[in-house]
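In full-length UniProt numbering, the protein residues as written are 1 to 502.
Glycine is no exception: its CB is placed at the ideal position from the N, C-alpha and C atoms.
Notes follow the structure.
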C-alpha cells in the first residue's frame with residue numbers, strides 16, 4: 001500500500017485555534033521535506049521507497065474505542081432510512097406520490113445542521129478538550145435519534161431530526177483524536193479500520209431500523225398487546241439505534257483518554273501557517289476535492305433513492321419490497337462492501353496504485369446504476385427467479401464501488417501540501433461532505449418523485465440522471481495529480497513478481 005503523507009499530529013495539535021490568522025496557528029512548521037513532489041519523477045521516487053521496517057507501538061485499546069464511536073453518527077443518520085417512507089405515509093399528512101420528497105427533506109436536515117455547526121465543535125474541542133466534546137455530541141445524538149421514533153406528525157419528525165443534527169460533532173472529534181494518537185507509520189492502519197467501522201455503521205443503522213419496526217406485529221410473544229409499541233411502531237428501532245450511540249458515549253467517558261494537552265497548546269510555529277484558502281488552492285487539491293465531491297454526491301443520492309425505489313410498488317416501477325426486505329438488501333450490500341474494502345482493496349491498491357483502483361470503481365458506478373431500471377423491467381415481466389438471482393449478483397458485484405470512498409480519502413492524505421495542514425484539509429472535506437449530504441438526498445428523491453408523478457419511463461427518471469452523472473466521474477480522473485495517484489512500491493511489486501515466478 002502506498003505510504004500516505006498524513007499528518008504527524010501530536011497530543012498538542014489544535015483542531016481550531018483562535019488567533020489573528022483566519023485558521024489560527026498550526027502545530028508545526030511547513031518544511032521543505034513536507035512539501036509533496038512537484039513533478040512525476042519526484043512522486044514516483046517517493047512511492048518507490050520501501051516502507052519502514054518497524055513502527056511505534058500502536059494504541060490498540062484507544063483506537064478500538066474510537067472506531068466503535070465512529071459507528072454512532074452513521075447509525076443515527078441511516079437508521080431511519082428503511083421506514084421513513086412508511087412512517088410519513090402512516091402519518092397521512094402528505095400525498096403518497098410526495099412521500100419521497102419529504103423523506104429526503106427529513107433525511108437531509110441532519111447533515112445541514114451538522115455542516116453549520118462543524119466549526120463550532122472544532123473550536124469547542126480546542127477549548128474544552130476532545131473527550132468532553134465527543135461525549136457531549138454522542139449523548140445528544142442518542143437522545144435525538146431515540147425521540148424520532150416517538151414523533152406523530154411531520155413537524156415533530158423535522159424537530160427530532162434537527163435535534164440529532166445539532167449534536168453531530170463526533171465525526172470531526174474522532175478523526176482529530178485518531179490523528180493525535182498515531183504517527184505517520186501507524187495512521188494508515190488506524191484510519192483503515194475507522195473507515196471500515198463507519199461503513200459498518202452505514203450498514204448496521206438501516207438493518208436495525210428495518211428489522212425492528214412494528215415489534216407488536218413481528219414479535220407478538222414479547223411486544224404484542226402492549227399499547228406503547230402499538231402506538232409507536234418505530235420506537236424500538238430508534239431506541240435501539242440511540243442506545244447504541246449512548247453506549248459509545250459511556251465507553252468514551254469511562255475509558256477514552258484526552259489527547260489534547262493544554263499546557264503545550266500555545267507552542268508557536270517556526271513558519272507562518274497556511275490559511276484555509278491557501279490549502280484549498282495548493283497544487284492538486286482542487287482536483288482531488290472535485291473527485292471527492294463527485295463520488296460522495298453519487299453515494300448520497302443512491303443511498304437515499306435506493307430504499308424509496310425498492311419500497312415503491314412494482315406497477316409504479318419499483319421492487320415492492322417490505323421494510324424487512326429492504327433491510328436485508330442493505331445488509332447484503334454492507335457485507336459485500338466489507339469484503340471489497342478489507343480484502344480486495346488492499347491487494348489491488350498495493351499492486352496497482354490508488355489511482356488505478358479508483359478508475360476501476362469509477363468504471364463500475366454507471367453499470368451499477370443502470371442495473372436497477374433493468375431489474376425493474378425484469379420484475380414487471382414476472383420473471384421473479386431471474387430477478388432475485390440478478391439482484392443479489394448486482395448487489396455483491398456493485399458493492400465494489402465502495403473502494404472509491406477509500407481511494408478518495410487516500411487522495412486527500414497524499415495531496416496535502418504539508419502534514420501540518422492535513423487536519424485543515426480534512427476539515428474542509430468534512431464540511432464539503434456535510435454540505436453535499438444536506439441537499440443530495442432531497443434532490444435525488446425529488447427527481448424520483450417527479451418521475452413517479454409524470455410516469456416517465458415507468459418511473460425511471462432518476463436513472464436517466466444518475467447513469468450519465470456516474471459515467472462523468474471518469475472525466476476528472478484523467479486530471480488526477482501524480483502526487484495523489486499512489487503508485488505501487490516497486491520493491492513490493494518486484495517481490496510479488498519473484499514469488500509468482502518461483
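Legend entry - Top-ranked residue by Cα proximity to residue 410, from 130, 288, 255 and 446: Start at 1 with the first residue of the chain shown, and residue 410 comes out as number 410. Taking only the C-alpha atoms, the option nearest residue 410 is 288.
Inset, instruction - Let me know the secondary structure DSSP gives residue 381 once reduced to three states. - result: As a first step, residue 381 is located in the chain shown; it is residue number 381 there, counting from the start. Residue 381 falls in the coil class under three-state DSSP.
Inset, instruction - Please specify which runs of the alpha helix (DSSP H), each continuous and at least 4 residues long, are wholly inside the region 217-256, giving them in chain order. - result: 220-223, 227-231 and 235-255
Inset, instruction - Can you tell me which of 458, 275, 246 and 388 puts its alpha carbon nearest to the alpha carbon of residue 143? - result: Numbered from its first residue, the chain shown carries residue 143 at position 143. It is 246 whose Cα lies nearest to the Cα of residue 143.
Legend entry - Exposure of residue 393, with buried meaning 16 or more beta-carbon neighbours within 10 Å: Working through the chain shown from its first residue, we reach residue 393 at position 393. Classification of residue 393: exposed, given that the 10 Å Cβ count is below 16.
Legend entry - Cβ-based neighbour list, residue 86, same chain, cut-off 7 Å, excluding 5 preceding and 5 following: On the chain shown, position 86 is the one that residue 86 refers to. Cβ neighbours of residue 86 beyond the five flanking positions: 323.
Inset, instruction - Return yes when the Cβ of residue 118 is within less than 8 Å of the Cβ of residue 434, no when it is not. - result: In the chain shown, counting from the first residue as 1, residue 434 sits at position 434. In the chain shown, counting from the first residue as 1, residue 118 sits at position 118. Against a cut-off of 8 Å, the Cβ pair of residue 118 and residue 434 comes out as a contact.
Inset, instruction - Please confirm if the region 161-181 is in contact with the region 276-284, defined as three or more CB-CB distances below 8 Å between the two stretches. - result: no
Inset, instruction - Taking only heavy atoms of the ligand NAD into account, decide whether any of them is closer than 7 Å to the Cβ of residue 320. - result: With respect to the ligand NAD, the structure shown offers nothing to examine, as it has no ligands at all.
Legend entry - Neighbourhood of residue 99 by C-beta, 7 Å cutoff - its chain only, sequence neighbours within 5 removed: By one-based count along the chain shown, residue 99 stands at place 99. Here the set comprises 85, 88 and 89.
Legend entry - Inter-residue spacing [alpha-carbon to alpha-carbon] between residue 481 and residue 180: The residue given as residue 481 occupies position 481 in the chain shown. The residue given as residue 180 occupies position 180 in the chain shown. Their backbone Cα atoms lie some 28 Å apart in a straight line.
Inset, instruction - Following the continuous alpha helix (DSSP H) through residue 464, name the residue where it begins and the one where it ends. - result: Residue mapping note: residue 464 aligns to position 464 of the chain shown, counting from 1. Run containing residue 464: 461-471, per the alpha helix (DSSP H) assignment.
Legend entry - Backbone CA spacing between residue 508 and residue 478 [nearest angstrom]: Residue 508 falls outside the range modelled here, since the chain spans only 1 to 502, and no answer is possible.
Inset, instruction - Please state if the CB of residue 110 and the CB of residue 77 are separated by a distance shorter than 8 Å. - result: Taking the first residue of the chain shown as position 1, residue 77 is located at position 77. Taking the first residue of the chain shown as position 1, residue 110 is located at position 110. Result yes, Cβ atoms of residue 77 and residue 110 sit closer than 8 Å.
Inset, instruction - Under 6 Å Cβ to Cβ from residue 297, same chain only, skipping five residues before and after it: list those, please. - result: Taking the chain shown and counting its residues from 1, one reaches residue 297 at position 297. Closer than 6 Å at Cβ, skipping near neighbours: 436 and 440.
Legend entry - Buried versus exposed call for residue 486 [16 or more other C-beta atoms within 10 Å across all chains shown]: Working through the chain shown from its first residue, we reach residue 486 at position 486. The residue is buried, with at least 16 neighbouring Cβ atoms inside 10 Å.
Legend entry - Inter-stretch contact (C-beta, 8 Å, three-pair minimum) for the region 319-338 and the region 206-213: yes
Inset, instruction - Identify whether residue 114 lies in helix, strand or coil by the three-state DSSP scheme. - result: Residue numbering aside, residue 114 sits at position 114 when the chain shown is read from its first letter. Here residue 114 sits in helix by DSSP.
Inset, instruction - Using beta-carbon positions only, say whether residue 79 and residue 243 come within less than 8 Å of one another. - result: Translated into the one-based positions of the chain shown, residue 79 becomes position 79. Translated into the one-based positions of the chain shown, residue 243 becomes position 243. No.
Inset, instruction - Note the first and the last residue of the continuous alpha helix (DSSP H) segment covering residue 140. - result: In the chain shown, residue 140 corresponds to position 140, counting from 1. It spans 130-148 - the alpha helix (DSSP H) in which residue 140 sits, taken as one unbroken run.
Inset, instruction - Please report how far the alpha carbon of residue 354 lies from the alpha carbon of residue 299, in whole angstroms. - result: Here the question's residue 354 lines up with position 354 in the chain shown. Here the question's residue 299 lines up with position 299 in the chain shown. Their backbone Cα atoms lie some 19 Å apart in a straight line.
Inset, instruction - Using the Cα positions of residue 64 and residue 71, report the straight-line distance between them to the nearest angstrom. - result: Within the chain shown, the letter at position 64 stands for residue 64. Within the chain shown, the letter at position 71 stands for residue 71. If I take the Cα positions, the gap works out to 11 Å.
Inset, instruction - In angstroms with no decimal places, state the Cα-to-Cα distance between residue 337 and residue 427. - result: Counting from 1 along the chain shown, the entry for residue 337 is found at position 337. Counting from 1 along the chain shown, the entry for residue 427 is found at position 427. When rounded, the distance between both Cα atoms is 25 Å.
Inset, instruction - Return the residue from the list 320, 429 and 407 that minimises the CA-CA distance to residue 375. - result: Position 375 of the chain shown, counted from the start, is the residue given in the question as residue 375. Of 320, 429 and 407, the residue nearest in Cα terms is 320.
Legend entry - Three-state class that DSSP yields for residue 438 in the structure shown: Looking up residue 438 in the chain shown gives position 438. Residue 438 falls in the helix class under three-state DSSP.
Legend entry - Anticipated Cβ contact below 8 Å, residue 132 with residue 290, distance rounded: As a position in the chain shown, residue 132 is number 132, starting the count at 1. As a position in the chain shown, residue 290 is number 290, starting the count at 1. About 36 Å; that fails the 8 Å criterion.
Inset, instruction - Determine contact between the region 224-242 and the region 353-367, defined as no fewer than three beta-carbon pairs at a distance below 8 Å. - result: no
Legend entry - DSSP state of residue 285 mapped onto helix, strand, coil: Counting from 1 along the chain shown, the entry for residue 285 is found at position 285. Helix.
Inset, instruction - Assign residue 324 to one of three DSSP states: helix, strand, or coil. - result: Residue mapping note: residue 324 aligns to position 324 of the chain shown, counting from 1. The answer is helix: DSSP assigns residue 324 an H, G or I state.
Legend entry - C-alpha gap between residue 377 and residue 317, whole angstroms: In the chain shown, counting from the first residue as 1, residue 377 sits at position 377. In the chain shown, counting from the first residue as 1, residue 317 sits at position 317. Computed Cα separation, rounded: 8 Å.
Legend entry - Straight-line Cα distance separating residue 301 from residue 459: The residue given as residue 459 occupies position 459 in the chain shown. The residue given as residue 301 occupies position 301 in the chain shown. Their Cα atoms are separated by approximately 16 Å.
Inset, instruction - Confirm, please, whether the CB-CB distance from residue 248 to residue 68 is below 8 Å. - result: The residue given as residue 68 occupies position 68 in the chain shown. The residue given as residue 248 occupies position 248 in the chain shown. Cβ distance < 8 Å, so residue 68 and residue 248 count as in contact.
Inset, instruction - Would you mind working out which of 147, 94 and 294 sits nearest residue 470, comparing C-alpha positions? - result: Residue numbering aside, residue 470 sits at position 470 when the chain shown is read from its first letter. When only C-alpha atoms are compared, the closest one is 294.
Inset, instruction - Leaving out five residues on either side along the sequence, give the residues of the same chain with a beta carbon under 8 Å from the beta carbon of residue 153. - result: Sequence index remark: in the chain shown, residue 153 carries index 153 (1-based). Excluding positions up to five away in sequence, the list reads 91 and 93.
Inset, instruction - Within the same chain, show all residues whose beta-carbon is closer than 6 Å to that of residue 371, passing over the 5 residues directly before and after it, in chain order. - result: Reading the chain shown from its first residue, position 371 is the one you call residue 371. Within the same chain, residue 371 has close Cβ partners 394.
Legend entry - For residue 274, three-class secondary structure by DSSP: For the purposes of this step, residue 274 is identified with residue 274 of the chain shown, where counting begins at 1. Coil at residue 274, not helix or strand.
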